[in-house]
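Comments concern the structure below.
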(Lines of atoms letter the chains of each structure in order from A and count residues from 1; the text may use other names and numbers.)
(Lines give C-alpha, C1' and ligand atoms only; values in the text may rest on other atoms or scores of the structure.)
Protein backbone atom coordinates (compact mmCIF):
# COMPACT_ATOMS: atom_id res chain seq x y z
CA UNK A 1 0.00 0.00 0.00
CA UNK A 2 1.35 3.43 -0.87
CA UNK A 3 0.86 6.76 0.82
CA UNK A 4 -1.42 9.36 -0.74
CA UNK A 5 -1.98 13.03 0.02
CA UNK A 6 -4.91 15.41 0.35
CA UNK A 7 -5.43 17.27 -2.93
CA UNK A 8 -3.48 14.69 -4.95
CA UNK A 9 -3.96 14.98 -8.72
CA UNK A 10 -3.54 12.40 -11.48
CA UNK A 11 -3.27 9.25 -9.38
CA UNK A 12 -4.81 6.28 -11.16
CA UNK A 13 -7.10 4.04 -9.09
CA UNK A 14 -7.49 0.53 -10.52
CA UNK A 15 -9.94 -1.92 -8.93
CA UNK A 16 -9.55 -5.56 -10.00
CA UNK A 17 -13.06 -7.01 -10.33
CA UNK A 18 -11.87 -10.53 -11.22
CA UNK A 19 -14.55 -10.96 -13.89
CA UNK A 20 -14.98 -9.56 -17.40
CA UNK A 21 -16.67 -6.16 -17.05
CA UNK A 22 -16.63 -5.17 -20.73
CA UNK A 23 -20.46 -5.37 -20.90
CA UNK A 24 -21.01 -2.99 -17.98
CA UNK A 25 -22.96 0.11 -18.97
CA UNK A 26 -22.62 2.18 -15.80
CA UNK A 27 -19.25 1.92 -14.02
CA UNK A 28 -18.49 3.54 -10.69
CA UNK A 29 -16.16 3.26 -7.73
CA UNK A 30 -18.04 3.65 -4.46
CA UNK A 31 -16.08 5.13 -1.57
CA UNK A 32 -16.35 5.71 2.15
CA UNK A 33 -14.24 8.53 3.57
CA UNK A 34 -12.23 8.22 6.79
CA UNK A 35 -14.87 10.12 8.79
CA UNK A 36 -17.05 7.00 8.33
CA UNK A 37 -20.22 8.87 7.49
CA UNK A 38 -19.39 10.35 4.10
CA UNK A 39 -19.98 8.03 1.13
CA UNK A 40 -20.21 8.65 -2.59
CA UNK A 41 -19.22 7.50 -6.05
CA UNK A 42 -16.62 8.36 -8.65
CA UNK A 43 -17.24 7.66 -12.31
CA UNK A 44 -14.99 4.94 -13.71
CA UNK A 45 -14.05 3.38 -17.03
CA UNK A 46 -13.16 -0.15 -18.03
CA UNK A 47 -9.42 -0.85 -18.14
CA UNK A 48 -7.82 -3.86 -19.80
CA UNK A 49 -4.85 -5.53 -18.08
CA UNK A 50 -3.75 -8.76 -16.36
CA UNK A 51 -6.00 -9.64 -13.42
CA UNK A 52 -4.53 -11.57 -10.49
CA UNK A 53 -8.07 -12.52 -9.42
CA UNK A 54 -9.06 -13.86 -12.83
CA UNK A 55 -5.53 -15.09 -13.65
CA UNK A 56 -5.99 -13.74 -17.18
CA UNK A 57 -5.56 -10.65 -19.32
CA UNK A 58 -8.67 -8.79 -20.38
CA UNK A 59 -11.16 -6.14 -19.24
CA UNK A 60 -11.28 -6.83 -15.50
CA UNK A 61 -10.49 -3.44 -13.98
CA UNK A 62 -12.33 -0.23 -13.15
CA UNK A 63 -10.18 2.89 -13.57
CA UNK A 64 -10.53 6.38 -12.12
CA UNK A 65 -7.99 9.22 -12.24
CA UNK A 66 -8.03 11.62 -9.28
CA UNK A 67 -8.84 15.30 -9.64
CA UNK A 68 -7.42 17.70 -7.07
CA UNK A 69 -10.55 17.95 -4.90
CA UNK A 70 -11.43 14.27 -4.44
CA UNK A 71 -9.03 13.18 -1.69
CA UNK A 72 -9.99 15.68 0.98
CA UNK A 73 -9.56 13.71 4.23
CA UNK A 74 -6.59 11.99 5.82
CA UNK A 75 -6.99 8.38 6.95
CA UNK A 76 -8.20 5.03 5.65
CA UNK A 77 -10.59 5.12 2.70
CA UNK A 78 -12.70 2.16 1.55
CA UNK A 79 -13.49 1.39 -2.08
CA UNK A 80 -15.90 -0.93 -3.88
CA UNK A 81 -16.48 -1.55 -7.59
CA UNK A 82 -20.04 -0.89 -8.78
CA UNK A 83 -21.33 -1.88 -12.23
CA UNK A 84 -24.81 -1.84 -13.70
CA UNK A 85 -25.94 -3.38 -16.95
CA UNK A 86 -29.16 -1.55 -17.71
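Residue numbers (the numbering used here): 59 to 144. Idealized CB from N, CA, C, for every residue including glycine.
> Using DSSP with H/G/I as helix, E/B as strand and the rest coil, what is residue 138?
Replying inline: In the structure shown, residue 138 falls within a strand segment according to DSSP collapsed to helix, strand and coil.
> What distance in whole Å lies between the Cβ atoms of residue 78 and residue 117, which are believed to be in contact at a cut-off of 8 Å?
Replying inline: Confirmed, Cβ separation roughly 6 Å.
> I think residue 151 touches residue 82, with their Cβ atoms under 8 Å apart; what is that distance to the nearest whole Å?
Replying inline: This structure does not reach residue 151, given that the chain is present from 59 up to 144, and the question cannot be answered.
> For residue 88, does the three-state DSSP call read helix, strand or coil?
Replying inline: In this structure, residue 88 counts as strand in the three-state DSSP scheme.
>> Spatial neighbours of residue 73 within its chain, please: C-beta separation below 7 Å, excluding the five flanking residues on both sides.
In response: The answer, listed in chain order, is 87, 119, 120, 137, 139.
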